[in-house]
Ligand code: GMT
């Protein structure tokens, strides 16, 4: 099948999932055309049946805001005609579903009926999409997609609660390629970041307010007071500076490394004993799944779709949003009990295997059949 995947090109979860999906679809024999304003970061090479099309928005002094949706929908129309694309799969409702719907309508005038699959990722529904400025357009785009998927059961119910949606929403969870993590702990140069007696905690996010990075630092300071420990902060975003300052105030600065945006996440996870994810809300929590695939247990909040990924008392622990004491308490108990930590590492990996790419991508293929049907 010839599929166009529209996504954000950034390090954020939706772009990563869309990119990995496209790569896997190409491996399964499909022709995949990525469409975005930049080549997705996870898309390292453009092989035979993987293509990338950059959406360019020409600047004009009259425009205070660049009309990206317009450029995207026009480009989709051209691409579908030129490459005989058979299906549009858009990731993140805003503005992708809206632009793709417009493209679909324009193509109808050319006698082409292109199916549209929309995947909802989280913040497009819970944080941004439900704002009155966007809500009517998001509701319309969901109701007028041919097939709609959400990355967790929780996101599906949030969508029904927040929008007047009368469309069926299928849950297709996020996934990881488990084989890439299989030998991750072999030749792991842990000594380069911590001494043998130190435990290593890691946080991975885009450092937006929803990630509550200050809770990571507060919890770490409590853990650090009880045992020698290092904290690895991976990613970048608006709250990075306040997090760095809080590390200085709490006197843990020397034990924290801020990596910024890096492609070395799996290398960092190979050192890691525990991932901290204190998000305010999280429709899925891809960072938690990636950690678990690397056999790293997770201490996360119990919000959104996180309980569907991180199983309390098995793959890590769930705590209430903002309860840094509970996070620290669970972390200290687990890190002090080597036997339990080993068991949790094993269980985290085993649970992550349920979300392997080979199990989930066929579910997307059957969504495509449904949309075509
Ligand atoms: O977490 C973010 O702020 C980025 C955002 C995105 O769209 O890239 O992540 C959302 O989609 C991810 C992939 O499906 C999910 O794993 C994240 O949980 C979700 N974020 C939120 O719901 C806040």
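Residue numbers (this note's numbering): 718 to 1090.
Here a beta-carbon is modelled for each residue, glycine too, at the ideal position from N, C-alpha and C.
Here the structure is a predicted model, which is why all the values come from computation and not from measurement.
Local conformation of residue i per DSSP, three classes
i	result
residue 769	strand
residue 850	coil
residue 1078	helix
residue 1067	helix
residue 839	coil
residue 1052	helix
residue 1040	coil
residue 844	coil
residue 1085	helix
residue 809	coil
Through-space distance from residue j to residue i, alpha-carbon basis
i	j	result
residue 1051	residue 737	32 Å
residue 896	residue 781	47 Å
residue 955	residue 826	44 Å
residue 1024	residue 762	35 Å
residue 969	residue 930	15 Å
residue 981	residue 774	32 Å
residue 1069	residue 1003	11 Å
residue 797	residue 816	14 Å
residue 936	residue 833	44 Å
residue 996	residue 1045	15 Å
residue 725	residue 1075	23 Å
residue 735	residue 1001	14 Å
residue 693	residue 829	Nothing can be reported for residue 693, as the shown portion of the chain is limited to 718 through 1090.
residue 839	residue 947	31 Å
residue 863	residue 765	29 Å
residue 879	residue 847	7 Å
residue 893	residue 729	15 Å
residue 756	residue 789	14 Å
residue 1027	residue 918	16 Å
residue 977	residue 727	14 Å
residue 1056	residue 922	29 Å
residue 1088	residue 768	22 Å
residue 752	residue 1085	18 Å
residue 1034	residue 920	15 Å
residue 1058	residue 1042	19 Å
residue 902	residue 994	22 Å
residue 803	residue 975	44 Å
Residues that DSSP places opposite residue i in a beta bridge
i	result
residue 804	720
residue 830	Residue 830 pairs with nothing; no bridge assigned.
residue 863	Per DSSP, none; premise fails for residue 863.
residue 1035	1017
Do the stretch 1066-1081 and the stretch 887-905 make contact, defined as three or more Cβ pairs closer than 8 Å?
-> yes
Of all the beta strand (DSSP E) runs that stay within the bounds of the stretch 946-1029, which reach a length of 3 or more residues?
-> 946-951, 973-977, 991-994, 1015-1018
At 3 residues or longer, and completely inside the stretch 871-947: list those beta strand (DSSP E) runs for me, N to C.
-> 886-888, 916-921
Taking contact to mean at least 3 C-beta pairs separated by less than 8 Å, is the stretch 940-958 in contact with the stretch 859-879?
-> no
Does the stretch 995-1012 touch the stretch 1054-1071, meaning 3 or more C-beta pairs lie closer than 8 Å?
-> yes
Are the stretch 988-998 and the stretch 899-916 touching by the rule of at least three beta carbon pairs closer than 8 Å?
-> yes
Runs of beta strand (DSSP E) lying entirely within the stretch 724-789, each at least 3 residues, in chain order = 748-753, 767-771
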